[in-house]
Amino acid sequence: MKSNIWRDTLNGMNLLLGSIPFRIVYDKNMCRRFDTMGQINYHENIIYLDPDFHERDTLQVILHELIEFINRNHELGLPHQVITALETGLMNIIMQNPHLFSIFVDEAQRDVFENVGGKDNEEEENNITTA
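Going from the sequence shown to my numbering is simple: count from 1 and add 799.
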C-alpha cells in the first residue's frame with residue numbers, strides 16, 4: 800500500500816502568497832458537492848482541496864489555485880481557460896523536469912534551515928572555500 804504522507808502533510812499547511820497568509824484545508828466530497836477539486840477563498844484565506852484525489856491531481860489543483868491567486872492579486876483578468884492552460888503547462892514542465900525544480904527547492908530549504916538555525920549568512924560566505 801502506497802504511503803500518503805503528502806496528503807497528511809498538506810492538510811493544515813500554511814502558505815505565504817505574497818504577503819498574505821493562506822492555509823490549505825481539506826473539504827471531503829468537495830468535488831461531489833461543488834463540481835470542483837479545489838477552491839481558493841479570499842475572505843477566509845483558505846485553499847480548499849478535496850483530499851480524495853491522486854497526488855498529481857492534487858498538485859495540479861494547487862497550481863491552478865495559485866494561478867487564480869496571481870490573476871486576482873495582480874488584476875490580470877485572465878479568463879479561466881487561460882488559467883487552466885497555464886496550470887496544465889506548468890504541471891507538465893514540473894513533472895518532466897523535476898531535477899530543475901529540485902535545485903531551487905533544495906537551495907530554498909537550505910536557506911530556511913540556516914536562517915532558522917541562527918547562522919549569519921555573512922559569516923557563512925566568509926567560510927566558503929574554493930577548489
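Where a beta carbon is used, it is the ideal one built from N, C-alpha and C, also for glycine.
| Check | Outcome |
| --- | --- |
| Please tell me whether residue 858 and residue 890 are closer than 8 Å, where the distance is taken between their beta carbons. | yes |
| So within the stretch 806-857, which uninterrupted alpha helix (DSSP H) runs reach at least 4 residues, ignoring any that extend past its ends? | 829-833 |
| Which term fits residue 861, buried or exposed, when burial requires 16 or more other beta carbons within 10 angstroms of its beta carbon? | buried |
| If I follow the unbroken alpha helix (DSSP H) through residue 879, where does it start and stop? | 879-895 |
| Rounded to whole angstroms, how far is the Cβ of residue 866 from the Cβ of residue 892, which I believe are closer than 8 Å? | Contact doesn't hold; Cβ gap of about 13 Å is too wide. |
| Can you tell which of 813, 878, 905, 826 has its C-alpha closest to the C-alpha of residue 836? | 826 |
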